[in-house]
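J.:
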Ligand code: TMP
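Residue numbers (my numbering): 13 to 195.
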């Protein structure tokens, strides 16, 4: 959910892991590649139909996966991605069937990605949140988003849910400990 400190914790986690000697790449969705960053601008500045939005998110993901994630993983780097597929289920799930999102998500990642699902997904849960900045969602939808994340959490195996209302130090320590457990 927007506004819980994802970018702060992404950057803190990356700094600490680097200090511990790991090679770390940070990326964000949509973003981190030219098409990803252009999509972010278009999504912010233009009033786009939800189908166009979905395709832009998927195009941004395809480029991120193929030009950054897969090559960098092959180099042995740790990838920390600020948002990924669960955000599509949650936000675009308002307009599209889960099966359709699943299909497009798979298509964007390609066959090769099947064996490369994230080792860990961290869900920062907080109340200091704002609505989706690209889709004019009103704040009432946020509880629906949280519900969606929680059901993904039940389905997925490698999820950690952290109460983001705790101090930055505490949240960053839990993030770090969760990652260190699987390294
Ligand atoms: P953020 O960079 O501040 O997290 O903003 C990204 C916005 O994009 C956020 O409102 C959620 C939205 N989003 C989707 O709607 N679908 C997606 O698949 C992704 C990755 C993000």
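All C-beta atoms in this analysis are idealised placements derived from N, C-alpha and C, irrespective of residue type, glycine included.
1) Can you find a heavy atom of the ligand ATP that lies under 7 Å from the Cβ of residue 114?
2) What's the C-alpha gap between residue 45 and residue 174?
3) Compare the Cα-Cα distances from residue 188 to each of 170, 25 and 122 and report the closest residue.
4) Would you tell me roughly how many angstroms separate the C-alpha atoms of residue 178 and residue 116, rounded to the nearest one?
5) Between residue 130 and the ligand TMP, is the CB less than 7 Å from at least one heavy atom?
6) Can you tell me whether residue 189 sits near the ligand TMP, meaning its C-beta is under 7 Å from at least one heavy atom of the ligand?
7) Answer with buried or exposed for residue 136, where buried requires no fewer than 16 other C-beta atoms within 10 angstroms of its C-beta.
8) So, residue 61 versus residue 184, is the Cβ gap smaller than 8 Å?
9) Could you tell me whether any non-hydrogen atom of the ligand TMP is closer than 7 Å to the CB of residue 14?
10) For residue 156, is the classification buried or exposed, using 16 other Cβ atoms within 10 angstroms of its Cβ as the cut-off for buried?
T.: Reading from the atomic positions:
1) Judged by which ligands are present, the ligand ATP is missing from the structure shown, whose ligands are the ligand TMP.
2) Answer to the nearest angstrom: the Cα atoms are 29 Å apart.
3) 25
4) 36 Å
5) The answer is no for residue 130.
6) no
7) buried
8) No, the pair does not count as a contact, with Cβ atoms beyond the cut-off.
9) yes
10) exposed
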